[in-house]
Each structure stands twice: as C-alpha cells, then as structure tokens.
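Remarks on the structure that follows.
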Amino acid sequence: MPGGRLSQQERQQIASGVADGLAYAEIARALGRPTSTVTREVMRNGGPTSYRADLAQRSTERRTHRRKPATPRGAQAPAQPHGRDPEAVAEYEETFTTLFMQQGLPKMTSRVLTCLFTTDSGSLTASELVQRLQVSPASVSKAVAALEGLGLIRRERDDRRRERYVVDDDVWYQSTIASAHGIAQVAATARQGVGVLGPGTPAAARLENIARFSDFISESMLRAAEQVRDVLYTKPEPAPGGAGTPDQDQA
935 MPGGRLSQQE
945 RQQIASGVAD
955 GLAYAEIARA
965 LGRPTSTVTR
975 EVMRNGGPTS
985 YRADLAQRST
995 ERRTHRRKPA
1005 TPRGAQAPAQ
1015 PHGRDPEAVA
1025 EYEETFTTLF
1035 MQQGLPKMTS
1045 RVLTCLFTTD
1055 SGSLTASELV
1065 QRLQVSPASV
1075 SKAVAALEGL
1085 GLIRRERDDR
1095 RRERYVVDDD
1105 VWYQSTIASA
1115 HGIAQVAATA
1125 RQGVGVLGPG
1135 TPAAARLENI
1145 ARFSDFISES
1155 MLRAAEQVRD
1165 VLYTKPEPAP
1175 GGAGTPDQDQ
1185 A
C-alpha cells in the first residue's frame, strides 16, 4: 500500500532495519514503499539513533486524534470532576503516557501509571482501570504487576474489600530512594572492576570515574529527597466554592 499509512508492523520493520544499519532505500524496497516515506518516517520520529516503532506509532495516533472532530460531550468522553475539559484531559494524558514510554516503560504500563497520576484519589480498582482504558483485565494485571515491581504503585483494600492500586506521596519518595540505591550499586560494581583490570590502566580509570560520578549522583539524590520530602505532602488550597467530589467517592 504505497499510498497508505504505515502500519505498526511496518514501523517495527523500519526500526529493525535502522538498528541493523540498512540504507533507507533498502528498507523501503523490503516494504514496497518509496524511499522518501521511510526517510520522512525516521527523521520525523527521532532520527536514526532514536527511532522507536512504538513511539512513532503513538505519535501518529495522537496526530490523527487531533485531526478528528471533537467528540460531543456526554457521547463517549467520561464526565470529569471539578469542571475539567474532557478533551484537554485526554490530550494531556496522551502527552504524559508518551513521556513514560520515552523513558522506557511499555505502552500499557505507561497508560495505567498516567491514569493513576491523573486521578484525584490516586487509586483505582482493576475494574475501574479496565473501564477507563477500555482494555482487557489481563492487560491491566500485567501492567500493574510491572509497576508494583518497580515500586511505583502499591496495593491496598478499601472499605468494600476491593483491591485498589495506589500511587501516592510515599510511593514516589520510596521509588526515588530505590533509584539512588541502584546508582550507588553501579558505583560499587564499577569500583570493584578497578582492582580486576589493574589500577592505572585506561579501563580502570574509566571505571573509577564512573564510580565517582555515580557516588556523587546517588548521595545528591538521597540528600535532596530527604530535604524536600515534605513537598510531596503539600495539600492544595481549597477551590473557591468548595472542593469537588474525589474520584474514589464516585466509584
């Protein structure tokens, strides 16, 4: 389909070809597409060093969504608390999801995390996530397990004994602390290599520099996290006219 839009599979082939160092013309011949299509696709989505099929596909979906006529309020877009514009919220969630994907999270994991971050209550049940994201329970379960493994969310039971997935202030703090400890582990492992490779050698010097750098970053993160921890617990000022109903109360 030389004149049609690139599919997800075609973008994956392009990503593989770029990673293998193939010329754009060679990739285009394999796809049956003009070379200009492949060139434009790669350069529009990060260039040869940063092209990723999933992010390119998502960018296209976002552009297509913006070109579509706005959905009439009440037709499909869920009602938003606090008088928020549903279309503006949806576009912001797309932006946040893409940011998480650029940082290495899978698409569904990014969508679930964004959904939790943009929910007033900071918590949702599995069924609420399925309804909001319009995906299967299995997809939500897999994404939740990944986020829990990264320390970005936690589980709790509400007063109706339903399991809720929570992203709160303490979880974000603990995740930052875990990241700092991970960087400290890199420093320790790099410094261990100095003795193995021989002090004074170029490789050992490189590892020592990595260790010193990582030590500084880790210590700075831990110190900064402790110093500004209270910022995470700052409550918003009451809105004029009274606060709206939290998401959890609507469930």
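When we follow the numbering used here, the leftmost residue of the sequence shown carries the number 935, and every step to the right adds one. Using N, Cα and C, we set each Cβ at its ideal position, and we do this for glycine too. These numbers come from a predicted model, not from an experiment.
Could you tell me the alpha carbon to alpha carbon distance between residue i and residue j, rounded to whole angstroms?
{"i": "Asn1082", "j": "Pro968", "result": "For the sequence presented, residue 1082 should be read as Glu rather than Asn. When rounded, the distance between both Cα atoms is 44 Å."}
{"i": "Leu1131", "j": "Ile1117", "result": "21 Å"}
{"i": "Pro1040", "j": "Phe1051", "result": "16 Å"}
{"i": "Thr1048", "j": "Glu1027", "result": "6 Å"}
{"i": "Val1069", "j": "Ser984", "result": "29 Å"}
{"i": "Gly951", "j": "Gln943", "result": "12 Å"}
{"i": "Gln947", "j": "Ala990", "result": "12 Å"}
{"i": "Ser1148", "j": "Gly1038", "result": "21 Å"}
{"i": "Asn979", "j": "Thr1031", "result": "16 Å"}
{"i": "Thr973", "j": "Leu1063", "result": "38 Å"}
{"i": "Ala1145", "j": "Glu1171", "result": "44 Å"}
{"i": "Pro982", "j": "Tyr958", "result": "10 Å"}
{"i": "Met1035", "j": "Asp1164", "result": "28 Å"}
Quick check on DSSP: helix, strand or coil for residue i?
{"i": "Leu940", "result": "coil"}
{"i": "Glu975", "result": "helix"}
{"i": "Ala1185", "result": "With a pLDDT of only 43 at Ala1185, under the threshold of 50, the placement of this residue in the model should not be trusted; the figure read from the coordinates follows. Ala1185 falls in the coil class under three-state DSSP."}
{"i": "Pro1170", "result": "coil"}
{"i": "Ala967", "result": "Per the sequence shown, residue 967 should be read as Arg rather than Ala. DSSP places Arg967 in coil when its eight states are reduced to three."}
{"i": "Val1100", "result": "strand"}
{"i": "Arg1066", "result": "helix"}
{"i": "Tyr1107", "result": "helix"}
{"i": "Gln1014", "result": "coil"}
Exposed or buried, residue i, counting other C-beta atoms within 10 Å across all chains shown (16 or more means buried)?
{"i": "Val1162", "result": "exposed"}
{"i": "Glu1160", "result": "exposed"}
{"i": "Leu940", "result": "buried"}
{"i": "Ala1124", "result": "buried"}
Mind checking which residues open and close the beta strand (DSSP E) that includes residue i?
{"i": "Ser1057", "result": "Ser1057 to Thr1059"}
{"i": "Arg1200", "result": "Outside the shown range of the chain, which is 935 to 1185, sits residue 1200, and nothing can be said about it."}
Need the endpoints of the alpha helix (DSSP H) that residue i sits in, please.
{"i": "Arg1146", "result": "Pro1136 to Gln1161"}
{"i": "Leu956", "result": "Element bounds for Leu956: n/a, residue is neither H nor E."}
{"i": "Gln1036", "result": "Pro1020 to Gln1036"}
If residue i and residue j are in contact, beta carbons under 8 Å, what's the gap, nearest whole angstrom?
{"i": "Ile1111", "j": "Leu1166", "result": "Their Cβ separation, rounded to whole angstroms, is 12 Å, which puts Ile1111 and Leu1166 out of contact at 8 Å."}
{"i": "Arg1096", "j": "Thr1059", "result": "5 Å"}
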